[in-house]
Structure formats: C-alpha cells, structure tokens
Amino acid sequence: MSGERILVADDRRENLLFLANSVLRPEGYDVITAIDGKQALDKALEEKPDLIITDLKMPRLSGLELMAALRKAGMVVPVILTTFYGSEQAAIQAFRLGARDYIIKPYEVKEMLESVERALIERRLLRETTDLKEGAQITRHLEERVRQLHSLCNIGRALAGIHSTDEVVRVAVEAAVYLTEAGSGKLFLVGSEPQKLELRALRGPSDPKSQSVRQPGDDALAVQAAQTGRVALAERDGGQGGQAVRLAAPIRAAETVTGVLAVDAKDEQSLSENDRYLLGLLAGFAGVALSNARLVERLREESHPADPGAPAQVGQAPGLAISAAEAERISGELRNLAAAAQVLAARLQVQSGTGEAGDF
Numbered sequence: 003m004s005g006e007r008i009l010v011a012d013d014r015r016e017n018l019l020f021l022a023n024s025v026l027r028p029e030g031y032d033v034i035t036a037i038d039g040k041q042a043l044d045k046a047l048e049e050k051p052d053l054i055i056t057d058l059k060m061p062r063l064s065g066l067e068l069m070a071a072l073r074k075a076g077m078v079v080p081v082i083l084t085t086f087y088g089s090e091q092a093a094i095q096a097f098r099l100g101a102r103d104y105i106i107k108p109y110e111v112k113e114m115l116e117s118v119e120r121a122l123i124e125r126r127l128l129r130e131t132t133d134l135k136e137g138a139q140i141t142r143h144l145e146e147r148v149r150q151l152h153s154l155c156n157i158g159r160a161l162a163g164i165h166s167t168d169e170v171v172r173v174a175v176e177a178a179v180y181l182t183e184a185g186s187g188k189l190f191l192v193g194s195e196p197q198k199l200e201l202r203a204l205r206g207p208s209d210p211k212s213q214s215v216r217q218p219g220d221d222a223l224a225v226q227a228a229q230t231g232r233v234a235l236a237e238r239d240g241g242q243g244g245q246a247v248r249l250a251a252p253i254r255a256a257e258t259v260t261g262v263l264a265v266d267a268k269d270e271q272s273l274s275e276n277d278r279y280l281l282g283l284l285a286g287f288a289g290v291a292l293s294n295a296r297l298v299e300r301l302r303e304e305s306h307p308a309d310p311g312a313p314a315q316v317g318q319a320p321g322l323a324i325s326a327a328e329a330e331r332i333s334g335e336l337r338n339l340a341a342a343a344q345v346l347a348a349r350l351q352v353q354s355g356t357g358e359a360g361d362f
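For the numbering used here, add 2 to where a residue sits in the sequence shown, where the first one is 1.
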C-alpha cells in the first residue's frame with residue numbers, strides 16, 4: 003500500500019540512495035533515511051515508521067544493537083536486516099531479536115520488494131488487530147481472515163487445474179466477486195498497448211454466474227491499473243473520505259501486465275482496504291493460471307494430437323522441452339502463492355485461538 007513509511011539505515015551513501023530512490027520511492031513508499039545506527043534509533047522513535055531496513059554493520063549502533071534498543075524502548079516495528087557479510091550466527095541473532103528477514107547484498111530489486119511487502123502485510127494485520135478493542139470483535143475479524151485465506155488457497159488450486167483461458171478468466175471473476183462480496187466483476191486482457199483492453203469475462207449485478215465474453219474494454223480505471231501496474235480505485239462521488247466503490251488490480255505474467263481484474267461495490271456499500279489486498283492476491287493467482295493455460299493451449303496446438311480433445315503429450319512432442327520446463331516453473335509459482343496464503347492463514351488461526359490450521 004503506497005504511503006507507508008519506511009526508515010532506511012546504511013552508512014554507505016550509495017547503498018542508501020539506491021534503496022531509497024531506485025527501489026522504494028518509485029513504489030510509492032514514504033522513505034526516511036539515516037546514516038548510522040544512533041541516527042536510525044532517534045528517527046525511529048520520533049517518526050514511528052511502519053518498517054525499518056537496516057544494514058548489519060554501522061557506526062555508533064550496529065543493526066543488531068539498533069533492534070535491541072528498539073525492543074528496550076518498547077517499540078514494535080518489523081525490521082529487515084541487510085549485510086554483505088552474511089553469517090549463520092548473525093542471522094540467528096537477528097531472528098531472535100524479531101527480524102522479519104535477513105537479506106544478503108547484493109540483492110535483486112524484486113527480492114527486496116517482496117520482503118518489504120511481506121513485512122508490511124504482517125504490520126497491517128497487527129495494526130488492524132490492535133485497533134479492534136473488544137475480544138469478540140478480534141476473534142470474529144481473525145476468523146473471517148482465516149476463512150478468506152482458506153478460500154484463496156482453494157481458488158488457487160482450482161485455477162491451477164484449469165487449462166482453458168476462457169475458463170480461467172471466468173473463474174477468476176467469479177472468485178473476485180465472492181471474496182470481496184462485490185456487486186459485479188470484470189476481467190480484461192491487455193492488447194498490443196496497455197490502453198487497449200479486451201473484456202474477456204463479466205458478471206453483472208443480476209447475473210447468477212460469470213461468463214466468458216469478447217468485447218472492447220472501454221474502462222478508464224482498468225486502463226489506469228494496466229498502465230501503472232498498481233491497484234487502482236474509484237471513490238464514491240461526494241462520499242465520506244476514501245469510500246472505494248471500484249477496484250482494479252493488474253494481472254501479471256512475469257514483469258508484464260497482461261490483464262486487469264476489477265470489481266464494483268454493491269449499491270450503498272463500499273470496498274475495504276482488505277478487499278484491495280484480496281483482489282491483488284487473487285490477481286497474482288490469475289496471472290500465473292493464465293500463463294499456465296496459454297502454455298498448455300500452445301503445447302496442444304503444436305503437438306497436433308490425433309484426438310483434438312486429448313491432452314498434449316508433452317514428452318512425445320519434439321522440440322517442446324523448453325515449454326515443458328516453463329510449465330513446471332509456472333506451476334511452481336502457483337504453489338508458492340498458495341503456500342504463502344497458507345502461512346498467513348495459519349498465523350491468523352493461532353492468533354484467534356482456534357488451534358493449528360488444518361488442511362486446505
């Protein structure tokens with residue numbers, strides 16, 4: 003979620019500027035910086051950041067000493083530790099002090115952004131839980147989150163088994179409406195340019211289920227999501243601060259936006275920040291499933307089976323070893339997404355006092 007505040011501490015100016023200006027600020031984060039551990043501690047206590055990314059070795063206070071000082075001051079904030087000099091002992095100390103991640107330099111930008119997002123998701127969940135005063139409210143809230151994450155896992159598994167593009171887009175829209183309790187949903191695929199969209203699946207307010215379609219996709223919010231690569235929202239006209247009535251999440255294949263998944267709120271209702279998170283996660287599942295379905299369809303076409311309805315025999319199709327490897331990679335990505343959702347569900351289930359998470 004853009005706007006969250008991140009404190010970056012590193013005594014090497016080039017590392018500090020790269021992380022702040024080239025990695026975090028382009029994603030919309032509010033970044034504050036510190037050039038040593040003592041300055042980082044002072045700014046953390048004063049600015050109350052949502053996340054701290056600190057180098058292990060710094061003047062005045064090391065990264066581990068900074069974490070210990072924050073704990074002593076009673077400040078609870080997720081910390082990502084970075085270092086050129088990785089060691090098992092340092093990693094153990096970092097995790098004992100509550101570090102959310104331990105990243106060895108040099109790192110990939112994608113690796114850092116994924117670590118940041120994981121840490122901030124936990125921060126958001128913790129903040130939401132803290133804000134709920136009554137114990138019964140907390141329990142109900144967490145149980146609902148567990149239910150939603152269970153549903154996401156099941157949806158991910160269902161999408162993984164679909165090898166038809168038309169069916170993937172239809173099921174993705176059905177899932178989006180279900181998870182967000184929206185009034186309607188749409189899925190667009192990107193054409194030759196991000197502003198050229200094709201509507202491929204639709205569920206209207208009075209439709210009993212979603213359906214595959216092929217229509218020009220003239221939708222400004224969807225175009226915005228496709229062009230920026232971020233979840234876009236539209237607020238109610240004249241409504242009270244930030245009541246979202248439409249959400250549009252980009253669907254990606256690797257680093258390329260290939261589609262947009264959008265939902266519209268029911269009349270007199272609004273879409274929450276949680277709905278925004280869920281739609282973004284679901285768009286991730288849909289992106290992997292779409293890539294997988296397109297690959298399988300291409301394999302079937304290239305292998306020319308005798309029976310048009312029979313699945314492609316990848317192992318017998320000459321020259322398709324690379325495509326088979328790509329299929330395995332995509333399947334692995336989908337399994338990783340499902341595993342991440344399972345971990346979140348298990349943590350929430352323990353917090354809500356319902357015991358260990360069962361099978362999904």
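Even glycine gets a Cβ: it sits at the ideal position worked out from N, Cα and C.
Open item on the list: Measuring alpha carbon to alpha carbon, tell me which residue in D32, R7, I8, I37 is nearest E16.
Closed with: The residue you call residue 16 lines up with position 14 of the sequence shown. Closest by C-alpha distance to E16, out of D32, R7, I8, I37, is I37.
Open item on the list: Between the region 24 to 35 and the region 56 to 66, can you find at least three pairs of beta-carbon atoms closer than 8 Å?
Closed with: Too few Cβ pairs lie closer than 8 Å, so no.
Task: Residue nearest to E110 in terms of C-alpha spacing, selected from L151, S186, F20 - done: Within the sequence shown, numbered from 1, the residue matching residue 110 stands at position 108. F20 is the residue among L151, S186, F20 whose C-alpha sits nearest the C-alpha of E110.
Task: Reference G100, options A121, L43, T260, closest by Cα - done: Looking up residue 100 in the sequence shown gives position 98. For the set A121, L43, T260, the Cα lying nearest the Cα of G100 is the one of A121.
- [ ] May I ask you to list the residues that DSSP assigns as paired with L250?
- [x] Here residue 250 is taken as the residue at index 248 of the sequence shown, counted from 1. This sequence places Ala at residue 250; Leu is not what is there. Secondary-structure assignment with DSSP links A250 through a beta bridge to A234, A264.
Open item on the list: Looking at L47: is its Cβ nearer than 8 Å to the Cβ of M77?
Closed with: For the purposes of this step, residue 47 is taken as residue 45 along the sequence shown, with counting starting at 1. For the purposes of this step, residue 77 is taken as residue 75 along the sequence shown, with counting starting at 1. Yes, they are a contact pair.
Open item on the list: Under 8 Å, with one C-beta from each stretch per pair, do the region 169 to 187 and the region 206 to 214 reach the 3-pair mark?
Closed with: With three or more CB-CB distances shorter than 8 Å, the region 169 to 187 counts as touching the region 206 to 214.
Open item on the list: Taking the straight line between their C-alpha atoms, what separation do you get for R73 and I105?
Closed with: The sequence position of residue 73 within the sequence shown is 71, counting from 1. The sequence position of residue 105 within the sequence shown is 103, counting from 1. Approximately 21 Å, taken between the alpha carbons.
- [ ] Enumerate in chain order the residues of its own chain whose CB-to-CB distance from R7 is below 6 Å, with the five nearest sequence positions on each side excluded.
- [x] If you number the sequence shown from 1, residue 7 lands on position 5. Around R7: D32, P51, D52.
Open item on the list: For the region 266 to 282 against the region 222 to 230, do three or more pairs of beta-carbon atoms, one drawn from each stretch, fall closer than 8 Å, so that the two count as touching?
Closed with: In this structure the region 266 to 282 does not lie against the region 222 to 230, because fewer than three pairs of beta carbons, one per stretch, are closer than 8 Å.
Open item on the list: Within a Cβ cutoff of 7 Å, which residues of the same chain sit near A224, ignoring the five residues on either side of it in sequence?
Closed with: Reading the sequence shown from its first residue, position 222 is the one you call residue 224. Only F190, L199, A250, V262, A264 meet the Cβ criterion.
TODO: To the nearest angstrom, report how far apart A96 and A71 are at their CA atoms.
DONE: Stepping through the sequence shown from its first residue, residue 96 is reached at position 94. Stepping through the sequence shown from its first residue, residue 71 is reached at position 69. Roughly 13 Å between the two C-alpha positions.
Open item on the list: Determine whether the beta carbon atoms of G282 and A255 lie at a separation below 8 Å.
Closed with: Counting from 1 along the sequence shown, the entry for residue 282 is found at position 280. Counting from 1 along the sequence shown, the entry for residue 255 is found at position 253. Between G282 and A255, the C-beta spacing is not below 8 Å.
- [ ] Go ahead and pull the three-state DSSP assignment for F86.
- [x] Counting from one through the sequence shown, the residue named residue 86 turns up at place 84. F86 falls in the coil class under three-state DSSP.
Task: Rounded straight-line distance, which links the Cα of K59 to that of Y180 - done: Position 178 of the sequence shown, counted from the first residue, corresponds to residue 180. Position 57 of the sequence shown, counted from the first residue, corresponds to residue 59. Distance between the alpha carbons of Y180 and K59 is about 48 Å.
Task: Residue range of the unbroken alpha helix (DSSP H) whose run includes Y109 - done: Translated into positions along the sequence shown, residue 109 becomes position 107. Premise fails: Y109 is in no alpha helix (DSSP H) and is neither H nor E.
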